[in-house]
Structures are given as C-alpha cells and as structure tokens.
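Residue 116 in numbering that gives the first Met the number 0 is what sits at position 117 of the sequence shown, and the numbering runs on without skipping anything.
Where is the CB? At the ideal position from N, CA and C, for every residue including glycine.
Okay, so here's the structure we're looking at.
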Amino acid sequence: MATQKKRFSEIIRKDHEQRKAEEWRGTFLDYLELIKEKPETVKLAHAHLYDVITAAGQSDPDESDLPRLSKLFNNEPPKIHNFFKDTFFGIEDILDKLVRYFHSAALKGEESRQVLYLMGPVGAGKSSIMERLKQGLEEAPPIYAIEGCPIHEEPLHLIPKHLRREFEKMLDVQIEGELCPICRHRLEDEFKGKYEAVPVNTIRFSAIHRRGIAVVPPVDPNNQDTSVLIGSEDISKLDRYSEGDPRVLDLNGAFNAGNRGLVEFIEVFKNETEYLHAILTATQEKFVPAPGRHGTIYVDTVIVAHSNEAEWRKFKADHTNEAILDRIVTVKVPYNLRLSEEQKIYQKILGRSGFKAHIAPHTLEIAAMFAILSRLERTPKCDLITKLKIYNGEEVVEKGQTKKVDLVELKEDTKVEGMMGISPRFIMKAIDTALSQSPEGITPIHIRDVLIKMVKETDMPDDRKKTYLEFLQDTIHKAYLEILEREITKAFVYAYEEQAETLFQNYLDHAEAYVNKTKVSDRNTKEELEPDEEFLKSIEEQIAIVGSAAEGFRQEVIAYLWSATRRGEKIVYASYEPLKEALEKKLMGSVREISRIITKSRTRDEEQKDKFNALVGNLLENGYNQHTAEVVLKYAANHLWKD
Ligand SMILES: Nc1ncnc2c1ncn2[C@@H]1O[C@H](COP(=O)(O)OP(=O)(O)O)[C@@H](O)[C@H]1O
Ligand SMILES: [Mg+2]
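Structure, rendered in structure tokens:
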C-alpha cells in the first residue's frame with residue numbers, strides 16, 4: 000500500500016515539476032529577449048498545429064504490412080503519421096492529405112486563409128479526427144500570451160507599427176496582427192503606454208476552459224445571433240463605463256476563445272448564410288467584428304468545419320454561397336475500405352467499453368465484411384467479395400479467370416465509393432447487442448443474426464435493405480462457411496498429425512517384430528506382445544497391399560527405416576511415401592467422420608469422443624472458448640460436409 004502511494008506521488012510530483020518548468024512569466028521586455036534566443040517560438044496557429052502533429056514523427060508501415068500496402072497504394076504507401084497511428088485505421092491517405100493541408104497553411108499559403116472542411120458520411124471519423132487535433136493542442140507545451148488578455152493574444156502585437164520592421168529584423172520573425180481593444184485600453188489606462196512593462200505569461204490550450212479551442216455546434220436557425228462567434232457587450236457593465244469603453248466587452252465568442260488555436264464548426268451548413276459570412280470574413284481577413292461599436296479584432300486560428308455529404312450538396316446547390324465555396328478546402332473523409340483495418344476500429348472501440356465477454360475468432364471479421372460490402376460499388380470486373388479481398392491486399396484470382404483483377408483499375412472505376420454504406424457505429428451497436436444477449440461469448444453466427452435483425456428493423460429504402468440482406472444471408476453466409484471449414488479442418492489436422500505419428504510408430508514396431516520374428520515391447524507397459532497382424536493389414540489394405548504382397552512391403556519398410564536411420568535422418572510418418580499414403584487414407588476415414596463425430600453427441604464411441612475432445616481442444620487453443628467452440632461446431636455439422 001505504502002509503496003503504491005509513493006509511486007503515485009512520485010508520478011504526480013514529476014508531472015508538476017515538468018509542467019512548472021514549461022511555465023514562464025515576465026515583462027514584454029523579457030519576452031523580447033526570449034524571442035531573440037528562440038525565434039521559432041513565434042508561430043501562427045496553423046504552423047503551431049502542424050508542428051504539434053509532426054512532432055510525433057512518421058513511421059513506415061510494419062514490415063509484414065508493407066507488401067500489402069505497396070500493392071494497395073500502387074507502390075507508394077502513404078506516410079504514417081504517428082500522431083494518428085493506433086487511433087485511426089485504413090485512412091492513412093486521408094490523414095496524410097490533412098497533414099499536407101496544414102503544411103502549406105503553416106507556410107502561410109492560401110490554405111491558411113481558408114476553412115478546412117471535412118466531408119464524409121456519419122461515423123467515418125470526422126469528430127474523432129477533431130478530437131485528436133484538440134487533444135494534441137492540449138498536450139503540447141504552453142504558448143506565450145499577453146497576461147490577462149481575453150483572447151490570449153500574441154505579445155508581439157504590443158510593438159507599435161512604426162517599430163515593427165526593425166523588430167522583425169532584429170528578432171528574425173514576422174509580426175502579424177493588432178492588439179485587441181481590451182489590451183489596447185489597458186496599455187493606455189494601466190501601463191500609460193509603456194508596452195515593455197506589460198506582463199506576458201504562458202497558457203495551455205484547454206477545450207473545457209475554451210482556451211485556444213472553441214467548438215460551435217449547429218445553431219438554432221431561429222436564433223442565429225453572431226454573439227456565439229464574436230462575443231457580446233455585457234449589459235450590466237454598460238452603465239458603469241462610458242460608451243465606447245472596451246471594458247464592456249465580453250470576448251467569449253468562438254473566434255475569441257479559439258484565437259491562437261482552433262475553432263471547430265459542427266454540421267456547419269445547417270447555419271444561415273449570414274452566419275456563414277462571419278466565418279468567411281474571419282478566415283479571409285483574419286478579423287472579426289467586435290461586438291457593439293468597437294471596431295474589429297484580429298484573430299489567428301485554424302477553422303475546421305465538418306458535415307455529411309447531403310448537407311454539402313444542398314449548400315453547394317445554392318448560388319448565393321459561391322463566395323463561401325471559394326474559401327473552403329475540402330478533405331473527403333470516407334469510410335475505411337480495408338477488412339483488416341475495419342476490425343481494428345471495432346477493437347479500438349471495444350477496448351474502451353465495459354464489455355468483457357468472449358468474442359470468437361472471425362466474429363469481428365464477419366461484421367467488418369458486412370460493413371465493407373455495404374460501402375463498395377459494384378464493378379463488372381469481379382464480384383463484390385472478390386473486390387473486398389483485393390482491397391484488403393489479398394492475392395486473388397477469381398474462379399474461372401486467369402487474369403488478376405487490378406486494384407488500381409478497380410479504384411479508378413468508382414465514383415462515391417466509401418461515401419455511403421454501413422457505419423462503424425451501426426456495427427458496434429450490433430456487437431454490443433450480441434454481447435449483452437450472450438455473456439458466454441459471441442460467434443460470427445450470432446453477429447450475423449443480430450445484423451440481419453437490425454437491417455430488417457432499420458428504416459431505409461427497400462432496395463438497399465434487400466441488398467444488405469443479400470450480403471448477410473448469401474454472400475457472407477458462404478464466405479463464413481469457407482472460413483469455418485478451413486478452421487475446423489485445421490484444428491482437426493493438428494490432432495491428425497499426432498494421430499498419424501502414433502499410428503506410424505505402432506506400425507513400425509509391429510512390422511519390425513514381424514519381420515525379425517521377435518516380440519513387440521509395449522511402449523507404456525513394457526509387456527512383450529506378439530506382433531499384431533490384423534493391425535498391420537488394416538493399414539496396408541488402404542493401398543491395396545494384401546496377401547503375399549504384405550510380407551514384402553513390411554520388409555521394404557523396415558529396410559528403408561534402417562537405411563534412413565543410418566543416414567541420420569529423422570523418421571516421421573511422412574518419410575516413406577507409400578506408407579504415408581496408407582496412413583493418411585486410414586485417417587481420412589476419420590476426416591469424413593468429422594461431421595458424424597460432431598453431430599452425434601450421444602452415440603460417440605470412445606475413439607470418437609477422444610477425437611472430438613482433441614478437436615475442441617484445438618479450437619480452444621485457437622481462441623475459442625468452450626461455448627463458442629461448441630456453437631461453431633454444431634453450425635459446421637449442420638452446414639458443412641453434407642453428402
Ligand atoms: N477509419 C477509422 N479509424 C478509426 N476509428 C474510426 C474510423 N472511422 C470511424 N471510426 C470510429 O467510429 C466512431 C464514429 O466516428 P465519429 O468520429 O463519431 O464519426 P463522424 O464524426 O464522422 O460521424 C468513432 O469511435 C471513431 O473513432
Ligand atoms: Mg461527428
């Protein structure tokens with residue numbers, strides 16, 4: 000207990016220390032000295048955010064993923080930004096585009112005066128990208144600001160216009176922006192114009208405190224008061240101060256709060272055009288009106304908006320919006336289209352939830368398969384499941400075709416792929432439902448049932464519903480049976496090899512004793528036994544060696560065994576081809592038996608019971624639990640190996 004407490008307090012102490020070390024307070028004159036030392040400290044909002052993102056570095060795709068990714072991206076796999084890694088999956092190219100936007104905006108390209116607009120279907124991760132950006136700002140070291148400024152502005156604004164050029168040269172920085180009305184007033188009133196004495200301190204970005212980060216939800220269409228954006232005049236102060244005194248200003252609008260950082264607009268196009276014009280001016284001019292008659296206020300912030308495509312189309316169709324359209328950089332955020340990555344999304348979300356129930360292998364895969372099929376556009380080149388596999392980077396040659404379908408060609412043929420279909424949220428709802436229905440664990444069969452039910456109950460156009468049900472009831476059903484057959488055979492073959500080996504050793508023991516006319520020493524009991532001819536025959540007859548031929552065959556086997564041993568070779572059941580064939584055929588009988596073993600739970604004999612238990616044992620090792628193993632075996636018995 001005591002040591003735990005010590006450990007906690009140690010972590011906390013270090014954190015306090017580190018944060019303290021990052022903090023700073025001084026006069027503006029001290030600040031100038033500091034900037035002279037570290038001019039790179041002075042950054043506009045876009046450059047700051049860009050540095051926050053890229054500080055985490057980049058990494059190459061995992062070695063094991065590289066061939067697949069090279070194929071997927073035509074030998075140019077996108078850069079993986081560590082900032083987004085482990086949070087976002089399958090949209091590396093989109094995130095790279097985003098980073099490139101910030102790069103040119105950081106260099107004060109045209110982009111720095113445009114609204115970054117993320118457009119994509121619900122659940123494609125737009126809000127999550129915003130969350131990540133905001134989190135990045137919050138975790139970054141603090142920035143310098145005029146102490147007490149309601150919009151925590153850049154202290155260099157204190158330098159009067161006529162001295163700016165000189166200071167820019169001396170400091171090797173560019174100075175942009177004007178003092179806010181409140182700081183201007185304080186400078187005169189409190190500091191009598193001595194700007195060198197104005198205190199400067201560090202501030203940390205914080206979304207809850209609305210410091211450098213502001214979020215604007217869609218505004219009530221009946222009350223699109225721009226005070227949400229630019230703040231207001233505090234009426235209670237109006238009688239205290241004279242008209243025109245900036246102290247009546249309440250600079251708590253989104254552009255004030257988000258100065259130096261980021262302003263996020265959710266479902267932005269639900270807002271009225273006039274409202275949007277305020278956003279436009281802020282972006283283009285980097286000024287917003289101050290409330291009342293107080294002139295304008297310089298703002299430096301990254302403006303990001305997001306919404307879905309339907310809203311975007313509606314907005315675009317309205318000609319009065321042309322000016323605004325010209326000021327928007329659109330980054331499409333489609334759904335992920337890679338099967339492997341889709342499962343990682345679910346795993347990520349599951350990891351954060353309270354559900355601890357068992358999930359059988361391939362369960363998330365089947366759910367992901369449905370999600371991705373729903374997002375793909377049809378093509379005359381191959382069927383959809385083949386397309387899904389190709390998009391997943393798998394080597395596929397479609398049945399009956401000799402030429403491989405080309406991924407790049409497939410992509411080129413699409414129009415809105417990834418911009419529609421089933422969202423990860425829909426799938427998560429299905430997984431949650433299945434998990435709460437079945438605390439013993441869920442299987443692909445269960446998740447498919449839940450999905451079918453959900454699709455039936457969800458309100459959507461009839462033809463889409465029909466397509467989705469076809470995916471689940473036909474395409475995915477078949478795909479799962481293939482997976483299941485492979486899975487069970489694999490589990491069986493594992494035991495099968497052991498069995499073949501035992502059979503092989505037994506055969507050798509008995510055949511050797513037979514040939515040498517000696518006895519067999521039982522491996523366990525050490526009992527001396529006569530060679531079991533019936534047993535030998537049961538193997539030999541598998542390859543039609545009967546009667547007098549048997550004697551010669553046994554001699555050959557033993558001769559082979561001896562010479563192999565002399566050569567120091569390891570003897571396994573597969574060493575001697577004819578015997579291997581005989582042993583496999585003998586065991587094959589039992590592969591055919593799988594379904595019988597699985598179905599006839601009551602009439603299994605001892606041997607079958609052993610086999611069944613070995614099979615279940617292997618499934619357990621492969622990630623199933625008792626319940627889910629039994630469920631999939633029963634399902635296999637009902638749907639596979641039907642004669
Ligand atoms: N490509 C992706 N990688 C990782 N997570 C994703 C991805 N797409 C969606 N998600 C997850 O799905 C959920 C819904 O995404 P969200 O950001 O709310 O979407 P949107 O704002 O576009 O409607 C979130 O938990 C999000 O993290
Ligand atoms: Mg959202």
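- Within 10 angstroms of the beta-carbon of residue 335 lie 16 or more other beta-carbons, which makes it buried.
- Within the region 24-70, complete beta strand (DSSP E) segments of at least 3 residues are found at 24-26, given in chain order.
- Residue pairing by DSSP puts residue 249 in a beta bridge opposite 231.
- Counting along the chain, residue 8 sits inside the alpha helix (DSSP H) bounded by residues 1-21.
- The beta-carbon distance between residue 471 and residue 506, rounded to whole angstroms, is 49 Å. This is too long to meet the 8 Å contact definition.
- Close CB contacts of residue 615 within its chain, under the 7 Å cut and outside five residues either way in sequence, are with 628 (chain order).
- Counting only runs of 3+ residues, the beta strand (DSSP E) found wholly inside the region 295-321 occupies 295-297 and 301-306, in chain order.
- For residue 202, the enclosing beta strand (DSSP E) begins and ends at 198-202.
- Sorted by chain position, residues whose beta-carbon lies closer than 6 Å to a non-hydrogen atom of ligand 2 are 125 and 126.
- In this structure, residue 77 lies near residue 92, with their beta-carbon atoms less than 8 Å apart.
- Here the alpha carbons of residue 318 and residue 231 stand approximately 31 Å from one another.
- Taking the CA atoms as reference points, residue 240 sits about 7 Å from residue 247.
- A Cβ-Cβ separation of about 6 Å places residue 86 in contact with residue 131 under the 8 Å criterion.
- At a Cβ-Cβ threshold of 8 Å, residue 289 and residue 278 do not count as neighbours.
- Residue 263 sits in a strand when the DSSP states are folded into three classes.
- Residue pairing for residue 118: DSSP places it in a beta bridge opposite 306 and 331.
- The continuous stretches of beta strand (DSSP E) do not include residue 415, and DSSP gives it neither H nor E.
- Within the DSSP secondary-structure output, residue 378 pairs in a beta bridge with 381.
- If you check the CB distance, residue 314 and residue 194 do not come in under 8 Å.
- In this structure the region 149-160 lies against the region 250-261, because at least three pairs of beta carbons, one per stretch, are closer than 8 Å.
- About 14 Å separates the beta carbon of residue 444 from that of residue 434, a gap too long to meet the 8 Å contact definition.
- According to DSSP, residue pairing for residue 542 in a beta bridge does not occur.
- In the three-state reduction of the DSSP assignment, residue 570 falls in the coil class, being assigned neither a helical nor a strand state.
- Taking 8 Å as the cut-off, the Cβ atoms of residue 79 and residue 113 do not count as close.
- With a cut-off of 7 Å, the C-beta of residue 370 is classified as distant from ligand 1, since no heavy atom of the ligand falls inside that distance.
- When secondary structure is reduced to three states using DSSP, residue 128 falls in the helix class.
- Straight across, the Cα-Cα distance linking residue 287 with residue 450 is about 49 Å.
- In the assembly as shown, residue 423 is a buried residue. Its beta-carbon has 16 or more other beta-carbons within 10 Å.
- With a cut-off of 8 Å on Cβ pairs, the region 541-560 is not in contact with the region 473-485, counting fewer than three such pairs.
- By DSSP's assignment, residue 613 forms no beta bridge with any residue.
- Of the heavy atoms belonging to ligand 1, at least one sits nearer than 7 Å to the Cβ of residue 423.
- Going by beta carbons, residue 618 and residue 499 fall outside the 8 Å limit.
- Residue 513 and residue 368 have their C-alpha atoms spaced approximately 57 Å apart.
- The closest CA to that of residue 344, considering only 371, 321 and 325, is found on 371.
- Taking residue 233 as reference, the option from 224, 227 and 249 with the minimal CA-CA separation is 249.
- By the Cβ test, the region 337-356 is in contact with the region 374-393, since at least three Cβ pairs between them sit closer than 8 Å.
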